[in-house]
Amino acid sequence: MSEQARADEPEPAGQTGTDGPELTDQPSPAVVRRRRWLLPTAGLSAVLLLIVTVAVAAPWRESSPRPVAEPTPVLPSTAAPAPTASPTAAPSLPPSPSPVPAAVATASSAARPTTRPAAARSSGPTRRPSVKPTPTPACTPAGVVDVVDIFTYGVVTVAARTDGKSNNQLCSGERIRVFWATYARTADGGSKLYRSQVRYLDRSQPRWTMTLVLPEECGDSWYVVRGTASIPQTLKPGVVPFGRNKVHWDTPDSC
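Encoded structure:
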């Protein structure tokens, strides 16, 4: 603030040397003139600043290009394409109690059904696999005798093989000689013939149930034999007769 303005301002009442009447708070004529000059100047400055700002901003707006909107890139869709409607409708099938497979339910009606050629029919007679007959077991001329029921209280049952299934069958037209013999003990430790019986087995009578007659003395023995062996009248001590032709037997016991 200039010195003239400071000189124009009134001094406080306490600093004056005179005791006069109290001054009112009113500006001096110089201050009023100064304010009148400053107000138009400030308004003019604001108008000039606004004009300059508009003048500078207008060419920049005209010269600067407008931003071009960039197109939004379209990303490829990863979802499965929606099924397109078929031009022709598939014929409706009658309901079936069994579930329809998914492949058949979603198949397109445009696909043509494939037809399989019919199997060629043979005009000739149907060939059946030949069945080989079961070979008949070979027969044995001498035959085989089996013990069906073992010795029980003097009773024994034997039979020839004629069932047609097992081996060593009795040949047709043949017969097998079978016999039993019992022996009693002698004083020297040997044996002598007590009783015997012979019979022949064939296809008409292949089975024989025999009853052996035994002596009542201690040390008896008995034998059931097949084949053509002779029946000895006496046996030496320790001798077991008939070899492999025996089918069932019992040697003397010690008394």
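Under the UniProt record's numbering, the first residue of the sequence shown carries the number 1, and numbering increases by one thereafter. Just so you know, even glycine gets a beta-carbon here, dropped at the ideal spot from N, CA and C. Here the structure is a predicted model, which is why all the values come from computation and not from measurement.
A residue is called buried when at least 16 other Cβ atoms come within 10 angstroms of its Cβ; alanine 181 meets this threshold and is buried.
Judged by their CB atoms, phenylalanine 179 and valine 225 are nearer to each other than the 9 angstroms cut-off. Judged by DSSP in its simplified three-state form, alanine 184 adopts strand.
Under a 10 Å Cβ-count criterion, arginine 185 is classified as buried, with 16 or more other Cβ atoms of the shown protein chains found around its own Cβ. Boundaries of the beta strand (DSSP E) around valine 158: 155-160. Taking proline 241 as reference, the option from Gly227, Tyr223 and Thr209 with the minimal CA-CA separation is Tyr223.
Straight across, the Cα-Cα distance linking proline 237 with lysine 165 is about 43 angstroms.
Between methionine 210 and serine 221, the alpha-carbon positions lie close to 16 angstroms from each other.
Collapsing the DSSP output to three states places valine 47 in a helix. Take the alpha-carbon of glycine 43 and the one of serine 28: they are about 23 angstroms apart. In this structure, the beta-carbon distance from isoleucine 176 to aspartate 149 does not fall below 9 angstroms. A Cβ-Cβ separation of about 6 angstroms places valine 247 in contact with valine 158 under the 8 angstroms criterion. Nearest C-alpha to tryptophan 208 among Ala46, Val147 and Val47: Val147.
Pairing asparagine 168 with tyrosine 153, the inter-Cα distance amounts to about 30 angstroms. According to the DSSP assignment, aspartate 220 belongs to no beta strand (DSSP E), since it is labelled neither H nor E.
Taken through DSSP and simplified to helix, strand or coil, threonine 209 comes out as strand. Its Cα nearest to that of proline 215, the residue Ser196 stands out among Ser196, Gln205, Ala229 and Pro206.
Around the beta carbon of tyrosine 200, a 10 Å sphere encloses fewer than 16 other beta carbons of the protein chains shown; the residue is thus reported as exposed.
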